[in-house]
Amino acid sequence: MSVSLAFDPVIHPPARLQIMAVLATVQDAEFAMLRKTADISDSVLSKHLSALAEAGYVKLRKAAQDGRQRTWASITRTGRAAFRGHVAALQALAGVVEIATEEVSEPLPVRA
Amino acid sequence: MTSITFHIGKGDSLVNPSSTDAAKALAAMHASQARLAAAANCPPERHLAFAGLLGGLVATPALPTTWTLVAEGVILLGIALVVRWDRRRTGMFINGYRTGRTRPVTFAMLAAFLLLYSASTWLSRSLGIHRAPLPLGALTAAVGYYASVLWQRTFRREMGLTA
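Quick note, the sequences are listed as chains D and V, same order.
According to the numbering used here, the stretch in the first sequence is residues 1145 to 1256, in order.
According to the numbering used here, the stretch in the second sequence is residues 186 to 348, in order.
Structure below.
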């Protein structure tokens, strides 16, 4: 499977990258679990989830559980592709994976 | 230190992360995946529930045809309850068919299950050995338990935890 290097400014903030990494692994995750795994506060998570949802990378839904409304998040197809491209770009930059020198010398494609 | 300029818009802004920034971002991402794997850990009763459902499905041909369908319906309801239990316990659901290193484990388990279920049905329905599905069901439960534990170990390793 080929993954294009596509640095994504929407995913670039560390907390968003962590949220996307978790959502790319699970089918869906509840707000409290995301807060725990990303190790951030409620308000910060809420803000980042809204930004990711606005970009079409994350889908949010409310569901009642034990008499309380809970927010569940899942990654979209677009979000998964953007996440893969972004991680590939980071890996290339960090030298985790090797890419041709010519590719590195050129600006990498970006989803804005 | 490698540095690449990423053009992020219509030439109006630039992001210029260094190789160190990228390595830090990746490390933070792996840390969150490790926390996820730790939170997703299944207790022994979860492995047992999964094993029991698989074993039960393979044992159902021991029953008369009508009751087989009822029993399979109950087991399917049990699967839905296990999914619900996972969501309540961990606040997430991880699909067994997810891409990654766990997928070969899933397909090997599925192949073993289909083989045992076919053998169970054939022995009971075609050869008339009506009790044959019971030991096959027990064998399937044992295989299911092992596969469930193996799946979890593989997942934990993939997420950067020691098994």
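Ideal placement from N, C-alpha and C gives every residue a C-beta, glycine not left out.
Is the separation between the beta-carbon of residue i and that of residue j shorter than 9 Å?
i: ALA1165(D); j: TRP1216(D); result: no
i: SER203(V); j: LEU1237(D); result: yes
i: GLN1171(D); j: ARG288(V); result: no
i: GLU343(V); j: GLY285(V); result: yes
i: ARG1228(D); j: SER1218(D); result: no
i: VAL243(V); j: TYR302(V); result: yes
i: HIS215(V); j: GLY345(V); result: yes
i: ALA1150(D); j: HIS1230(D); result: yes
i: ALA247(V); j: SER305(V); result: yes
i: LYS1203(D); j: THR1181(D); result: no
i: ILE264(V); j: PHE340(V); result: no
i: GLY276(V); j: ALA1197(D); result: no
i: ALA1207(D); j: ASP1152(D); result: no
i: MET294(V); j: ALA234(V); result: no
i: GLY394(V); j: GLY329(V); result: Any question about residue 394(V) goes unanswered here, given that chain V covers just 186 to 348.
Taking 9 Å as the CB-CB cut-off, is residue i touching chain D?
i: THR347(V); result: no
i: GLN218(V); result: yes
i: ARG283(V); result: yes
i: LEU299(V); result: no
i: LEU221(V); result: yes
i: HIS215(V); result: yes
i: ALA224(V); result: yes
i: MET294(V); result: no
Nearest chain V C-beta to residue i closer than 9 Å, yes or no?
i: ALA1182(D); result: yes
i: GLY1223(D); result: no
i: GLU1246(D); result: The pLDDT assigned to GLU1246(D) is 37, lower than 50, so where the model puts this residue is not dependable; a value taken from the coordinates is nonetheless given after this. Cβ-Cβ to chain V under 9 Å: no for GLU1246(D).
i: VAL1166(D); result: yes
i: VAL1202(D); result: no
i: GLU1174(D); result: yes
i: LEU1234(D); result: yes
i: HIS1156(D); result: yes
i: GLN1213(D); result: no
Taking DSSP's pairing of strands, which residues face residue i in a bridge?
i: GLN1213(D); result: ALA1208(D)
i: VAL1202(D); result: ILE1219(D)
i: MET277(V); result: ALA1173(D)
Locate the alpha helix (DSSP H) running through residue i, then write down its first and last residues.
i: ASP1172(D); result: From DSSP, ASP1172(D) is part of no alpha helix (DSSP H) but of the beta strand (DSSP E) over 1172-1174.
i: ASP1186(D); result: 1186-1198
i: PRO229(V); result: 229-244
i: GLY285(V); result: Where GLY285(V) is concerned, there is no enclosing alpha helix (DSSP H), given that its DSSP letter is neither H nor E.
i: LEU311(V); result: Strictly speaking, residue 311(V) in this sequence is Ser, with Leu absent from that position. Counting along the chain, SER311(V) falls outside any alpha helix (DSSP H), and DSSP gives it neither H nor E.
i: ARG338(V); result: 318-343
Going along the segment 261-281 of chain V in order, which residues come within less than 9 Å of chain C, judged by CB to CB distance?
Chain labels in this structure do not include chain C; the protein chains are D and V.
Note to self: Which residues of the segment 201-212 of chain V have a Cβ closer than 7 Å to any Cβ of chain D? Give them in chain order.
What the structure shows: Listed in sequence order: PRO202, SER204, ALA207, ALA208, ALA210, LEU211.
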